[in-house]
């Protein structure tokens with residue numbers, strides 16, 4: 057069956073040539089990101105459990121997690137959580153199969169506790185966080201979808217959105233958070249907390265990065281130590297940015313600090329996340345599935361984390377749209393920007409979207425007819441192999457936030 | 057102090073001329089919208105309580121509400137909820153002022169129960185829904201903001217996004233849900249539930265509307281009645297659309313129905329919302345503050361509902377950006393699309409954004425210098441009077457979803 | 057089959073002749089009693105629902121309810137609850153029958169809200185209390201019990217205890233709370249709250265009653281009004297006691313009051329129960345099924361409220377033991393005190409206790425052989441008709457606390 | 057000030073000479089006992105935290121814990137919990153002192169998790185149990201009590217009850233549970249779970265023990281192994297009983313088992329407690345503070361576990377009454393049974409009970425005047441040194457269930 061693929065020539069100023077560009081990333085320790093991470097960790101654990109026990113993934117969507125902030129008393133050299141963070145795992149999951157009960161809530165609880173322990177390394181899971189769980193059962197007709205042998209049917213009328221390539225600013229914002237945690241924290245400054253928010257603004261050729269990073273009290277001896285860490289982090293970020301741009305880059309770290317005011321007046325934490333003190337979190341309110349929030353780009357509102365990777369079209373199409381856009385960019389020449397939008401229709405096979413739309417800004421003088429036909433091939437190929445997205449999700453090869 | 061207002065000429069195909077356009081609206085009974093509505097209703101009630109008792113709005117953010125779906129057994133002519141919907145109100149609020157305790161949780165509970173009772177009219181609040189509440193106290197430094205006499209300081213580094221005017225498709229999608237509830241349900245078909253999702257796709261000059269509407273069993277006698285109601289609704293929607301467009305319009309209502317299969321195989325509910333059976337909901341995952349989800353337009357991820365209207369910049373700037381864009385469109389001639397983005401800096405006065413950016417697509421042949429200077433005046437004027445947004449929110453004059 | 061009935065001559069000082077006697081009653085608005093009442097109200101509603109839908113009572117035990125106290129600010133002429141009371145209904149109930157789902161949690165929620173509204177008349181159910189619900193399903197083997205046609209099998213190895221007749225002090229303590237609410241509150245002093253605790257001490261021929269009664273602010277204008285109400289209540293209680301005794305009676309009402317200290321220093325409430333401010337409550341920690349706590353009498357620890365009246369032996373045997381003791385007293389002459397203890401054995405028919413023991417203190421000179429044989433008849437007869445207890449519970453003819 | 061101590065000659069058949077005696081003990085893994093243990097563990101941890109941070113114990117009562125049973129699938133050689141047990145810690149605790157916040161909920165959470173881990177050794181705290189926490193703040197006037205320098209004032213009008221010595225049956229029932237866990241489980245049969253309920257009935261000179269013990273699947277290979285373990289346990293119990301009595305003793309272990317029916321038809325568990333499958337639990341519904349339920353003895357309904365040991369008279373007087381009774385027995389000659397009852401009056405010093413009553417059954421021919429005067433000395437001495445009870449509780453030297 058022929059697919060409804062529409063590749064469109066978009067007449068638009070490419071992002072790098074627009075005057076103002078805004079990009080944000082909420083780091084993995086931001087309360088919204090912890091929610092995303094929990095939702096996805098639970099879904100992955102359920103996929104594994106279902107495959108182990110039933111041979112196939114059963115219906116579930118664990119794409120709702122509510123984090124209710126705690127209270128804390130951070131201090132240099134220590135501090136403590138006063139009131140534990142409360143986390144409620146929410147969703148649906150199939151609880152029995154051929155007469156066998158599946159321990160979905162026990163699996164979810166264990167996966168969630170493991171996830172936080174491994175992600176927010178200074179969180180003490182014995183006293184800093186309560187994880188509660190309310191997983192209902194799904195509606196029965198949706199469950200049927202998973203037993204069929206052919207391509208799954210879309211669970212909803214929904215769309216996914218993706219773009220490529222990343223602009224300079226997008227690369228910088230994304231990698232700033234990533235490198236601070238995976239490189240600088242590990243190698244040199246353990247006091248860097250996981251709750252890092254990077255806001256990037258490009259005003260023509262000036263890039264300014266506003267970074268909020270919750271530092272971890274027990275690894276920071278005093279205010280001097282804190283100030284030195286901030287300076288080192290700022291230098292590190294500026295240095296990192298030069299890999300991605302020749303524009304002017306400015307970095308502002310924890311600008312609300314009042315270093316004269318003592319430890320209560322700087323961004324110090326006990327655990328590394330502001331969820332310990334006043335910041336609640338939910339799934340789907342932070343980064344899109346490409347890891348960024350990009351108001352200058354098409355975006356979907358759909359939460360990607362925690363949804364089942366078999367027929368939840370909001371998840372699959374968001375992940376797929378990004379993969380498609382990236383493949384079009386790497387395969388097709390003479391284009392500067394690609395936006396992909398995929399729209400499903402409830403009950404139809406997921407490889408047959410109602411429309412698969414690519415908007416392409418070609419380079420000046422490019423032959424758009426060629427671009428169109430090459431892009432169509434890439435897109436059709438991905439739709440043909442759409443269950444590859446499912447496999448990659450189950451294997452943990454695709455990030456969702 | 058001069059404001060950093062940047063009006064930019066955007067070279068882009070206007071939305072009406074792009075080939076593919078996608079627009080979605082989640083109706084007020086969609087679980088995500090109920091969450092939004094609860095969050096905002098609680099915030100408004102708190103504003104009122106604070107003004108009554110303290111003479112001024114105190115710090116609060118009630119922008120997190122988690123709805124955990126129930127279970128139900130819908131039937132023609134009746135049906136019942138099997139397991140109540142569980143709703144957890146989450147957020148922060150100032151609980152004491154000058155030694156007086158403020159009953160924030162009692163106020164929140166009452167406001168929430170009232171909101172649902174008035175919004176989802178067939179919900180029986182005695183047996184269909186549990187409303188629980190966890191409101192913490194905010195961090196103390198944020199509370200200080202509210203005591204100062206001058207323009208409030210931004211609580212965060214965050215941005216707001218808005219656009220104008222609405223495209224034809226945007227008008228149709230928005231008004232379809234609105235009119236079905238405020239007109240057709242009230243006048244003729246009480247069986248229309250509040251959980252209406254409208255997905256609009258424009259493919260050049262063909263507009264297709266996919267509408268999911270949870271019908272309310274107790275107002276629908278049998279399958280014939282159901283089918284008739286659907287037909288009448290479809291005609292109503294097609295007729296309505298002609299007010300906004302001359303393009304071809306197609307409407308598909310509850311396409312997943314299998315009318316041969318009985319009441320379990322059509323979209324029938326007990327209460328009018330799918331939250332009764334399997335669909336969880338959260339704040340900020342549905343409509344943007346203009347009431348729509350528009351992947352072809354710039355959007356913010358920020359949840360607008362439930363945030364305090366004094367200094368929560370994510371709320372104020374989203375509402376303001378839309379107002380600005382609409383005023384620019386109504387004031388300035390010769391332009392086809394306006395996108396506004398406002399970026400704050402934590403701790404700075406909210407009338408002094410780090411940047412206030414308008415991207416304008418002028419009509420062909422327009423004088424952009426004129427457009428720029430006129431738009432700057434509109435934007436500067438709104439920033440000068442930014443607390444008007446606060447007032448409008450408190451008075452309930454601005455929708456947030 | 058012959059029953060193991062053991063009637064024993066107890067050589068013991070009868071209660072009226074012991075020097076010291078202690079009796080306590082927690083009124084229906086005491087947090088522990090509210091828990092008991094909720095547990096039993098939910099069980100009765102489930103019995104009704106099961107009979108309506110399935111023709112028979114199905115397995116359930118809703119004998120756990122946790123009340124978490126709120127916070128309040130009582131005032132003369134008004135006051136308000138600051139933080140709602142949180143109530144968690146807990147238990148087990150059969151959720152499906154012949155493929156039909158039973159809305160046990162919706163039924164429980166509605167019954168609980170109704171119960172509180174009708175019992176604690178000044179509680180505003182829209183803002184003063186949250187009722188949450190966690191009802192699991194029972195274990196399957198217990199469920200089988202209910203399908204059999206013969207006498208049910210005991211669900212546990214457990215005992216019930218009862219005594220008769222009530223001593224003077226027992227009658228006074230019981231009726232003091234009852235009459236204050238059903239007579240004086242209704243006719244004359246609406247400010248009497250339902251949370252009344254009566255502690256009675258008899259020291260030879262002096263009876264002192266210590267009464268704690270939470271008064272309801274909105275019905276009490278000021279401190280004078282409060283003081284007058286207390287005086288009137290005290291007189292009423294002293295007058296009432298003369299119906300039951302010729303001993304000296306002293307009554308102390310709200311002795312911890314400091315009337316100079318204003319409304320914060322007397323026992324004033326907003327709703328009529330101390331659950332609004334600091335006093336948590338649970339099922340089974342207050343009155344025994346005869347309505348009293350009597351450390352000078354044999355007692356069972358078993359919670360009677362909320363258990364299913366079909367095979368939950370802890371409930372049935374406690375109610376039965378009291379009925380038996382009362383019937384022995386009214387049928388058999390020449391005895392002063394009867395204590396009944398019934399012990400079940402798990403899995404055995406409930407009309408065949410492991411032992412049914414009556415300890416009887418005969419009047420001086422009585423013929424104990426006659427007493428024994430007459431008492432045995434009464435006890436055997438009750439066991440023969442044990443399902444009458446079940447019927448009485450379902451019809452609401454037996455109090456459980 | 058002279059204390060109101062009343063020692064009374066009780067004319068009553070001593071317990072060993074009554075025909076029928078009933079005694080029960082719920083083991084430490086029974087859901088009610090787990091609740092008791094959690095309540096007390098949390099209180100002890102708070103005492104320690106308060107002493108560390110404030111130099112003195114502050115007001116708290118954590119005497120409410122609700123356990124909501126999970127679901128499980130036990131199997132020989134393994135099995136798993138399907139749905140985690142949900143535990144809600146409830147109570148009141150002082151949260152700030154001299155401007156310092158005390159992390160009462162974090163401390164409670166950690167203490168609770170530690171307690172279960174150490175007590176129910178086969179419970180996997182990462183996936184088998186959720187511990188949630190709702191600790192409010194107490195009422196302010198109660199908090200004042202703790203700051204005074206003299207003997208604390210009673211927080212309530214309440215009584216405590218105790219008796220001594222233990223009868224033969226009481227000793228056997230108590231030690232059966234204790235020895236099975238501390239001796240036989242540790243040395244030889246790890247498959248013995250902590251949820252052991254012992255019901256003892258003495259019918260003249262025949263003692264029958266009905267024991268329910270949840271066995272732990274992962275330590276039991278198959279049905280033969282299970283049957284052997286039961287036999288070994290039964291022999292152990294019979295042997296143990298001979299230390300305490302010369303009467304005939306019969307033991308019945310897990311009498312509801314159907315060994316033909318496979319692992320679903322015997323009392324097998326995954327974790328060692330029936331809380332995993334259908335049995336909820338609460339504080340104060342099981343053993344009295346002496347470790348037993350004794351319907352043939354005076355008892356108090358008051359929950360002892362979790363209450364603060366400074367001024368919570370329900371706790372102190374129950375513990376004290378038992379200590380007093382035991383000391384009277386060990387000090388005073390020629391008596392067979394002692395019952396002690398202590399009644400407080402709210403607001404009065406705890407060393408001045410409204411009445412301290414001992415009922416003593418002397419041996420035949422004893423001089424009761426001597427007994428009275430000696431008993432009075434013991435009782436007065438304990439009241440004089442009543443804060444010793446507080447110290448013993450804080451040090452963990454007194455069991456509460």
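Protein chains in written order, with the numbering used here: chain P, 57 to 457; chain F, 57 to 457; chain W, 57 to 457; chain Y, 57 to 457.
The beta carbon of each residue, even a glycine, is placed where N, CA and C say it ideally should be.
This structure is a prediction, so every number in the text was calculated from the model and none was measured.
For residue i, write down the residues that DSSP places opposite it in a beta bridge.
i	result
residue 308 of chain W	W:266
residue 257 of chain W	W:78 and W:264
residue 393 of chain Y	Y:417
Apply the 10 Å Cβ neighbour rule to residue i and answer buried if 16 or more other Cβ atoms are within range, or exposed otherwise.
i	result
residue 151 of chain W	buried
residue 318 of chain Y	exposed
residue 231 of chain W	buried
residue 387 of chain F	exposed
Could you tell me the alpha carbon to alpha carbon distance between residue i and residue j, rounded to whole angstroms?
i	j	result
residue 380 of chain W	residue 435 of chain W	6 Å
residue 72 of chain P	residue 256 of chain P	14 Å
residue 119 of chain P	residue 250 of chain P	22 Å
residue 253 of chain P	residue 258 of chain F	36 Å
residue 333 of chain Y	residue 277 of chain P	49 Å
residue 83 of chain W	residue 241 of chain W	13 Å
residue 454 of chain F	residue 270 of chain F	27 Å
residue 159 of chain Y	residue 326 of chain P	13 Å
residue 371 of chain W	residue 446 of chain W	10 Å
residue 103 of chain Y	residue 238 of chain W	43 Å
residue 14 of chain F	residue 192 of chain W	Because chain F in this structure spans residues 57 to 457, residue 14 of chain F falls outside the shown range and cannot be described.
residue 62 of chain F	residue 413 of chain F	5 Å
residue 344 of chain Y	residue 93 of chain F	50 Å
residue 330 of chain F	residue 87 of chain F	7 Å
residue 266 of chain W	residue 401 of chain Y	8 Å
Indicate the three-state DSSP secondary structure (helix, strand or coil) for residue i in the structure shown.
i	result
residue 300 of chain F	coil
residue 185 of chain F	strand
residue 119 of chain Y	strand
residue 162 of chain P	helix
residue 245 of chain W	coil
residue 179 of chain P	coil
residue 150 of chain F	coil
residue 252 of chain Y	strand
For the stretch 83 to 110 of chain W, list the alpha helix (DSSP H) runs that are entirely contained and at least 4 residues long, ordered along the chain.
87 to 110
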